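Residue numbers (UniProt numbering): 1 to 292.
Structure (structure tokens):
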């Protein structure tokens, strides 16, 4: 167990900073779109079952090519499933296709930004298990069910066992960030598995512990779950890179690397603020205060 560093007054240098971290979380929650702002929501779904056990959350923006099949596979995950489609900034009819396919559709006129749709869907979810997928790739239900079963067995966060390519001359910044964060959290066993990647599932307890606002920054949500002592584990491997070659092509022109690396830095900052200024790592026998 790492030794916590304190100053000469017996107080951690990070003491008092935790309140600022809490303010940032509250600010994120306040910044999320309100349910009556630019929202057209269906209150009845054609297929969604009452009292669902599983809520499948699917953010959507202009994915009419795949959304019908995505919703169909989502409904096959569990006998009592609701599918929540968060259509944000969609102009190609994706929302209507999802609605006709039986999903509960929450529609926003403008884009919400990366991963915010996950938070909005989680806020409306009724299931004890929340499964997150994307609308631009069709993942067969047979590959989604293991995530649900793992949560049913007691895991709180079931991650896609996908670390990205590491046996390359130049490793992508996002892959490095995922491994670095898990190492900082003393969870090297997770390798590069991350809530940044779909599919992943969480328990209702996880949602209640970290709050739905944190899901807008997936590495932060993962960090908060680990800090809270929740059971975070890898599930099966789903190679999302091969499932959606179009996304790989888009990455060459509109890279999300700066955003996702920034998400991981934010998560690291939160971890340090909520442990001590070395993130819980021992400072050895340094007598720092003597030279100040």
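Note that the Cβ used here is the ideal one computed from N, Cα and C, for glycine as well. If you're wondering where the values come from, they're calculated on a predicted model, not measured in any experiment.
Per DSSP, what kind of secondary structure is residue i in: helix, strand or coil?
i, result
"residue 46", "Low confidence applies here, because residue 46 scores a pLDDT of 46, under 50, leaving its location unreliable; read the following figure in that light. Reduced to three states, the DSSP call for residue 46 is coil."
"residue 212", "helix"
"residue 82", "strand"
"residue 106", "strand"
"residue 285", "coil"
"residue 278", "coil"
"residue 87", "strand"
"residue 263", "helix"
"residue 179", "helix"
"residue 293", "For the chain, the structure presents residues 1 to 292; residue 293 sits outside this window and is missing."
"residue 244", "coil"
"residue 256", "coil"
"residue 220", "helix"
"residue 51", "coil"
"residue 97", "helix"
"residue 38", "Low per-residue confidence applies at residue 38: pLDDT is 40, beneath 50, and the placement is therefore not dependable enough to give any value."
Have a look at the DSSP bridge pairing and note the partners of residue i.
i, result
"residue 132", "57 and 200"
"residue 162", "Residue 162 is not bridged to any residue."
"residue 186", "Answer is none; residue 186 lacks a bridge partner."
"residue 234", "159"
"residue 239", "Residue 239 pairs with nothing; no bridge assigned."
Going straight from the alpha carbon of residue i to that of residue j, what length do you get?
i, j, result
"residue 275", "residue 194", "21 Å"
"residue 239", "residue 132", "15 Å"
"residue 278", "residue 286", "13 Å"
"residue 291", "residue 283", "15 Å"
"residue 86", "residue 171", "33 Å"
"residue 165", "residue 241", "10 Å"
"residue 156", "residue 207", "9 Å"
"residue 203", "residue 288", "43 Å"
"residue 89", "residue 218", "21 Å"
"residue 72", "residue 111", "24 Å"
"residue 66", "residue 228", "37 Å"
"residue 129", "residue 198", "15 Å"
"residue 257", "residue 280", "28 Å"
Taking the alpha carbon of residue i as the reference point, which residue from the options has its own alpha carbon closest?
i, options, result
"residue 78", "105, 63 and 147", "147"
"residue 92", "61, 159 and 111", "61"
"residue 259", "177, 244, 75 and 54", "177"
"residue 98", "118, 63 and 123", "63"
"residue 113", "123, 153 and 59", "59"
### Query
Given 8 Å as the limit, is there contact between the region 225–232 and the region 128–144, that is, 3 or more CB pairs closer than that?
no
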